[in-house]
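A.B. asks: Encoded as structure tokens, here's the structure I'll be asking about.
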Amino acid sequence: GRQGGATEPDGSVSSLLSSSPTPLDPSLAQTIQNLLLSRLGLQSHPNPRPGAPVPQYIVDLYRFHSQQYHLVQDPHFSYPSQHVQEANTVRSFHHTESTSPSLPLEKRQTTASNNRVPISFNVSSIPQDERVVSAELRFFRGGGASPGPGAHRVSLFLSGSPGDSESEPTLLESRVLTRAPNTKPAVSWEAFSLSTELFLGAHAQTGSLSFLLEVTPLGRRVGHLRVRRSLGQDEHSWARERPLLVTYSHDGRGEALAAHGQDSWDEGGRVKR
Amino acid sequence: NGGRAAKLKRLSRTRCRRHPLYVDFKDVGWNKWIVAPSGYDAFFCLGECRFPLADHMNSSSHAMVQTLVNSVNGAVPRACCVPTALSPIAMLYLDPQDRVVLKNYQDMVVEGCGCR
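If you're matching them up, the sequences are chains S and Y in order. Just so we're aligned, residue 39 is where the first sequence starts under the numbering used here, counting upward by one. Just so we're aligned, residue 987 is where the second sequence starts under the numbering used here, counting upward by one.
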């Protein structure tokens, strides 16, 4: 870091610092760094692959929390005050995409029923000592993926683990999506709240959560939420539209995220501009 | 009088107080996994805790006793200038599995210093 005190004209800080010890031995510095990482809840120094996608929702959440309201990109962003009330950690998960080399992308997209799409998430990275207090599954609804005029019934099921084809899917929620025929295509996200008990089960078993999303057009037009990657769609663009599982948890240390700037949003969680 | 005023001014400058310290994550190589912020104002505490301890120094009763003893016996050290109030910051980072996490970390910013 940089010590601003060193620039003070009176030199008072500089004189106090002049007796400071020389820089730490590299191995000692490494030990301190490891201790700090451990305090931050990390076992080692993360080394992400270059260009790892960062979901816009989490970035907007960070910017809103940091009161950088002008940088929030989603015009419909709504701060999830209900979810973060007791949480100091927000984790995001993209679904696990099939990587079977024997199945080309277009084939994989047609193996599932046209209106029932399986999606699963590996949530094993949530530390055991972190308590999930809330969660939601978010689907992109906009542009070409937007349901056409007319209503659609969207049903979310919890299915067994990927290898378990015998158990019947459990209906979690069913809702009807509508859009007025003459409005512009709305770009928004549809969020389904999830029970925290699902995560207890996931941890105890495989560390993954599997769902089925069923979209049934109630009129003649066919439309769906964005759950599949388009042919030829680049990773960056897909990362902004693919389903996102968001968990809100608390590791037992420190304040919840909601404790800051609560006076800056209204009851609906929108920014007071 | 001028000399006394200058001495008092010098003493007040060296008293325990908060000083600016900007931590740039790039400097410690953490910018590869911390998405935001790129750095933050952490501050640090530095200065002397000498007799008499002013009210704004948030001194503990023990610090006052220790300072009093120091005034009659120099072998006993003065109280320490340490953070007395800290606040959290939120950090957005990529975990070892490349998943994005937003976490509120406690005690990351010095809000106030005092003699303890």
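Where is the CB? At the ideal position from N, CA and C, for every residue including glycine.
Considering Cα atoms alone, identify which of GLU174(S), LEU283(S) and GLY239(S) is closest to SER231(S).
C.D. replies: The shortest C-alpha separation from SER231(S) is found at GLU174(S).
A.B. asks: Within 10 angstroms of the Cβ of GLY89(S), are there 16 or more other Cβ atoms? Answer buried if so, exposed if not.
C.D. replies: exposed
A.B. asks: With DSSP as the reference, identify every bridge partner of THR216(S), one or two as the case may be.
C.D. replies: Note: THR216(S) is not bridge-paired with any residue in the DSSP secondary-structure output.
A.B. asks: Chain Y beta carbons: is any one of them nearer than 8 Å to that of GLU157(S)?
C.D. replies: The question names Glu, but residue 157(S) is Ile in the sequence shown. ILE157(S) does not count as touching chain Y.
A.B. asks: So, for HIS1042(Y): in the same chain, excluding its five sequence neighbours on each side, which residues have a beta-carbon less than 7 Å away from its beta-carbon?
C.D. replies: So the list is empty, once near-sequence residues are dropped.
A.B. asks: Measure the C-alpha to C-alpha separation of GLN111(S) and GLY1033(Y) and round it to an integer number of angstroms.
C.D. replies: 44 Å
A.B. asks: Considering only residues of the region 94 to 142 of chain S, which uninterrupted alpha helix (DSSP H) runs meet the minimum length of 4 residues and lie entirely inside it, listed in chain order?
C.D. replies: Those alpha helix (DSSP H) runs which fall completely within the region 94 to 142 of chain S and span 4+ residues are 94 to 103 and 119 to 122.
A.B. asks: Please tell me whether VAL92(S) has its Cβ less than 8 Å away from any Cβ of chain Y.
C.D. replies: Judged by the 8 Å Cβ criterion, VAL92(S) is in contact with chain Y.
A.B. asks: Where GLY988(Y) and THR1000(Y) are concerned, what is the direct C-alpha to C-alpha distance, given to the nearest angstrom?
C.D. replies: Taking the Cα positions, GLY988(Y) is about 19 Å away from THR1000(Y).
A.B. asks: Excluding the 5 residues preceding and the 5 following ALA294(S) in the sequence, name in chain order all residues of the same chain whose CB lies nearer than 8 Å to its CB.
C.D. replies: VAL122, GLN123, GLU124, ALA125, ASN126 and HIS288
A.B. asks: Could you give the distance in angstroms between the alpha-carbon of LEU256(S) and the alpha-carbon of PRO1074(Y)?
C.D. replies: 49 Å
A.B. asks: With C-beta atoms as the reference, is SER1045(Y) less than 8 Å away from LEU1039(Y)?
C.D. replies: Yes, Cβ-Cβ distance for SER1045(Y) and LEU1039(Y) is below 8 Å.
A.B. asks: Mind pulling the chain Y residues with CB within less than 8 Å of GLY292(S)?
C.D. replies: PRO1074, ASN1090, TYR1091, GLN1092 and ASP1093
A.B. asks: Taking PRO159(S) as the reference, which of ASN153(S), HIS133(S), HIS108(S) and HIS190(S) has the closest Cα?
C.D. replies: The sequence shown places Phe at residue 159(S), rather than the Pro named in the question. That would be HIS133(S), whose Cα lies nearest to the Cα of PHE159(S).
A.B. asks: Would you call ASP98(S) buried or exposed, if buried means 16 or more other Cβ atoms sit within 10 Å of its Cβ?
C.D. replies: buried
A.B. asks: Of the residues that make up the region 1002 to 1024 of chain Y, which ones have a beta carbon closer than 7 Å to any beta carbon in chain S?
C.D. replies: HIS1005, PRO1006, LEU1007, TYR1008, VAL1009, ASP1010, ASP1013, LYS1018, TRP1019, VAL1021 and ALA1022
A.B. asks: Would you say PHE195(S) reaches chain Y, if we count a Cβ-Cβ gap shorter than 8 Å as a contact?
C.D. replies: no
A.B. asks: Can you give the Cα-Cα distance for LYS1012(Y) and ASN85(S), rounded to whole angstroms?
C.D. replies: 14 Å
A.B. asks: Since VAL128(S) meets chain Y, which of its residues come closer than 8 Å, beta carbon to beta carbon?
C.D. replies: VAL1087, LEU1088 and LYS1089
A.B. asks: Take every Cβ of the region 1048 to 1061 of chain Y, pair it with every Cβ of the region 1004 to 1023 of chain Y, and state whether three or more of those distances are shorter than 8 Å.
C.D. replies: no
A.B. asks: What three-state label does DSSP hand ALA150(S) in the structure shown?
C.D. replies: With a pLDDT of 47 at ALA150(S), under the threshold of 50, the modelled position of this residue cannot be trusted, and the question is left open.
A.B. asks: Under a three-way DSSP split, which group does ASP289(S) fall into?
C.D. replies: If DSSP states are grouped into helix, strand and coil, ASP289(S) belongs with coil.
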